[in-house]
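Numbering (the numbering used here), first residue to last: 15 to 339.
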């Protein structure tokens with residue numbers, strides 16, 4: 015083999031080696047570039063969202079009063095934040111002061127529509143205290159709002175707040191005939207309705223400070239038939255509120271009230287079933303009912319207690335009369 019052939023072979027080998035080295039470096043460079051792009055994508059994916067959005071922490075039903083704990087902040091993609099969402103930056107939220115314009119601003123509002131847990135809230139979904147139609151939004155379906163007069167005594171010295179549940183007690187005078195046929199006046203009290211929700215005291219639907227306020231009116235949530243009874247009872251006597259404890263709230267309001275009223279109208283005498291009190295149970299002389307006999311010497315008997323009342327009315331000049339047997 016000549017020297018020229020050897021040189022050609024060496025040059026060819028060197029060129030092949032250079033080409034292979036260059037190709038390897040090119041592949042490594044492309045691989046490194048691809049890995050760098052992937053790392054940047056991962057870093058971008060775990061980067062915190064730029065906005066925090068106010069959402070429902072649990073499902074909110076129509077007519078529900080909102081408390082701050084019903085709402086919470088959650089991270090939300092910047093491009094997914096709508097103009098009517100309640101949103102802020104994580105830095106603003108970390109300061110704490112801006113949250114007063116978020117969760118706290120919804121306290122006492124009432125939901126106009128059902129909101130699912132995790133769903134962003136919008137102010138258009140709520141009715142706020144003072145807004146037109148707020149009271150109508152508070153009412154449960156099928157119920158009515160009715161206002162009754164109260165004072166310091168009938169309103170439990172101002173310790174009844176919006177959201178509490180009360181019983182309504184009617185105090186009235188009964189005019190009729192005694193056993194000798196003479197006109198007589200008797201007094202009685204009746205638990206008219208039970209477990210009634212208080213919507214407002216005077217014109218206030220909330221009492222965030224919990225301050226005792228002696229009001230002049232109380233607005234109650236009642237069924238239509240209860241509203242009729244309450245309207246009639248106001249002309250027959252005076253109504254008082256009796257506050258219920260939390261464990262005794264939300265009983266079967268309609269059944270309890272209707273049964274109580276029927277028991278009174280049918281004149282049941284079994285104390286176990288009775289929901290009313292007559293004056294003899296409050297005061298008598300040696301067990302004698304002085305209004306049911308002429309000389310005050312006959313002892314009251316169950317037969318005497320079940321005497322007929324011919325007229326049921328309130329103060330003189332009051333309207334309405336109701337006969338019972």
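Cβ atoms here follow ideal geometry from the backbone N, Cα and C, with glycine treated the same way.
Cβ neighbours of residue 422 in the same chain (closer than 7 Å, five flanking residues each side left out): The shown model of the chain, from 15 to 339, leaves out residue 422, and the question about it has no answer.
Local conformation of residue 198 per DSSP, three classes: Locating residue 198 in the chain shown gives position 184, counting from the first residue. In the structure shown, residue 198 sits in a strand (DSSP, three-state: E or B).
Three or more C-beta pairs under 8 Å: does that hold for the region 225-235 against the region 148-164? yes
My assumption, with CB atoms under 8 Å, is that residue 155 sits in contact with residue 218. Please give the rounded CB distance. For the purposes of this step, residue 155 is taken as the residue at position 141 of the chain shown. For the purposes of this step, residue 218 is taken as the residue at position 204 of the chain shown. In fact, because the Cβ distance is near 24 Å, the residues do not count as touching under 8 Å.
Could you give the DSSP three-state label for residue 71: helix, strand or coil? Locating residue 71 in the chain shown gives position 57, where the first residue counts as 1. Reduced to three states, the DSSP call for residue 71 is coil.
Could you spell out where the alpha helix (DSSP H) holding residue 151 opens and where it closes? Taking the first residue of the chain shown as position 1, residue 151 is located at position 137. Taken as a continuous stretch (DSSP letters only), the alpha helix (DSSP H) holding residue 151 covers 148-152.
Stretch pair the region 234-247 + the region 195-202: three plus CB contacts closer than 8 Å: no
Leaving out five residues on either side along the sequence, give the residues of the same chain with a beta carbon under 6 Å from the beta carbon of residue 267. Residue mapping note: residue 267 aligns to position 253 of the chain shown, counting from 1. Unreliable placement is indicated for residue 267, whose pLDDT of 45 sits below 50; the coordinate value is still reported in the next sentence. Cβ within range, chain order: 209.
Measure the beta-carbon distance from residue 71 to residue 84 and round it to whole angstroms, keeping in mind my assumption that it falls under 8 Å. Working through the chain shown from its first residue, we reach residue 71 at position 57. Working through the chain shown from its first residue, we reach residue 84 at position 70. Rounded, the Cβ-Cβ distance is 6 Å, consistent with contact.
Would you mind giving the Cβ-Cβ distance between residue 119 and residue 180, rounded to the nearest angstrom? I have them listed as a contact below 8 Å. Walking along the chain shown from the start, residue 119 turns up at place 105. Walking along the chain shown from the start, residue 180 turns up at place 166. Not quite, the Cβ-Cβ distance comes to about 30 Å (not below 8 Å), so this is no contact.
Between the C-alpha atoms of residue 105 and residue 65, what's the straight-line distance to the nearest angstrom? Translated into positions along the chain shown, residue 105 becomes position 91. Translated into positions along the chain shown, residue 65 becomes position 51. Each residue's alpha carbon lies about 9 Å from the other.
Does DSSP classify residue 35 as helix, strand or coil? Position 21 of the chain shown, counting from 1, holds the residue named residue 35. Residue 35 falls in the helix class under three-state DSSP.
Would you grab the beta carbon distance between residue 125 and residue 80 for me? Rounded to a whole angstrom, and I think it's under 8 Å. Counted from its first residue, the chain shown places residue 125 at position 111. Counted from its first residue, the chain shown places residue 80 at position 66. Contact flag correct, Cβ pair sits at about 7 Å.
Just the C-alpha distance for residue 77 and residue 249, rounded to the nearest angstrom, thanks. Position 63 of the chain shown, counted from the first residue, corresponds to residue 77. Position 235 of the chain shown, counted from the first residue, corresponds to residue 249. Looking at the two C-alpha atoms, the distance is approximately 32 Å.
Going by DSSP in three states, residue 238 sits in which element: helix, strand or coil? Here residue 238 refers to the residue found at position 224 of the chain shown. Note: residue 238 maps to helix in three-state DSSP.
Which partner residues does residue 86 have in the DSSP bridge list? Locating residue 86 in the chain shown gives position 72, counting from the first residue. Answer by DSSP bridge pairing, in chain order: 69.
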